[in-house]
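Heads up: the structure comes next, in structure tokens.
In this note's numbering, the protein residues as written are 4 to 187.
Pasting the structure below:
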């Protein structure tokens, strides 16, 4: 029940699953495999797959670390959004890409849970989108030596609080990948 009028479609958003971002991420291989299965499921249902790729001083555009992981090949026809901020909407053309496809509901996957995932799900929600976070399809790195909770706790907490997020006319949800149907 998005607040975005005339936008009944859903898109799968794959955020920052780049070599340098997820090289040592929590349960990296399992999460990447889960995202790959969701990409296949979305493509089979003719649901748009939108790729988001981050760059900044520590993640130089064009570098090996900047590249998407090899297990997730993007098709040329699938939109690629380049970003420099945590929220995938800030300073990008993501809103225009989604509007052109009539998308009002996002199914969100990727990295890092406590940075770009959180920023983007909140950014989408305040912009009027329904947002489903795929519980087992996002990950983060271990920042506990700087006082953060361990990655499993960060992921669990994000899944917990997002399922109870609310606002008028919008829906926030958390679901396991196996329960994502894309209307099929």
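Glycine included, every Cβ here is placed at the ideal spot set by N, Cα and C.
Nothing here was measured: the structure is a model prediction, and the numbers come from that model.
Close-in-space but distant-in-sequence residues of the same chain around residue i (CB under 6 angstroms, 5 per side omitted)
i           : result
residue 25  : 31 and 114
residue 90  : 122, 123 and 126
residue 158 : 116
residue 16  : 53, 109 and 111
Residue i: first and last residue of the uninterrupted alpha helix (DSSP H) it sits in
i           : result
residue 125 : 121-129
residue 20  : Where residue 20 is concerned, there is no enclosing alpha helix (DSSP H), given that its DSSP letter is neither H nor E.
residue 6   : Taken as a continuous stretch (DSSP letters only), residue 6 belongs to no alpha helix (DSSP H), as it is neither H nor E.
residue 165 : 154-165
residue 148 : Per DSSP, residue 148 belongs to no alpha helix (DSSP H) and is neither H nor E.
Burial state of residue i (16 or more Cβ within 10 Å)
i           : result
residue 51  : buried
residue 200 : Outside the displayed span of the chain (4 to 187) sits residue 200, for which this structure offers no information.
residue 78  : exposed
residue 165 : buried
residue 122 : buried
residue 149 : exposed
residue 57  : buried
residue 21  : buried
residue 160 : exposed
residue 14  : buried
residue 45  : buried
residue 75  : buried
residue 169 : exposed
residue 19  : buried
residue 47  : exposed
Residues sharing a beta bridge with residue i, DSSP
i           : result
residue 59  : 62
residue 173 : 170
residue 54  : 17 and 83
residue 113 : 18 and 141
residue 106 : 12
residue 178 : 137
Own chain partners of residue i with C-beta closer than 8 angstroms, once the 5 adjacent residues on each side are dropped
i           : result
residue 12  : 50, 51, 104, 105, 106, 107 and 108
residue 27  : 144 and 145
residue 94  : 86, 87 and 88
residue 96  : 84
residue 81  : 51, 52, 53 and 54
residue 118 : 89 and 143
residue 72  : 20, 21, 22, 25 and 35
Any C-beta of chain B under 8 angstroms from that of residue i
i           : result
residue 107 : Within the model displayed, chain B is absent; a lone protein chain is all it includes.
Residue i, enclosing beta strand (DSSP E) - first and last residue
i           : result
residue 133 : 133-142
7 angstroms Cβ shell around residue i - same chain, five flanking residues per side excluded
i          : result
residue 6  : 131, 172 and 173
residue 63 : 69
Proximity test, residue i beta-carbon vs the ligand SAM heavy atom, cut-off 7 angstroms
i          : result
residue 45 : Looking for the ligand SAM in the displayed structure turns up nothing, as the structure carries no ligands at all.
Counting Cβ pairs closer than 8 angstroms, one from the stretch 133-141 and one from the stretch 89-105, do we hit at least three?
no
Closer than 8 angstroms is the cut-off here; do at least three beta carbon pairs connect the stretch 139-155 with the stretch 32-42?
yes
Count the C-beta pairs between the stretch 149-160 and the stretch 179-186 that are closer than 8 angstroms, then say yes if the count reaches three, no if not.
no
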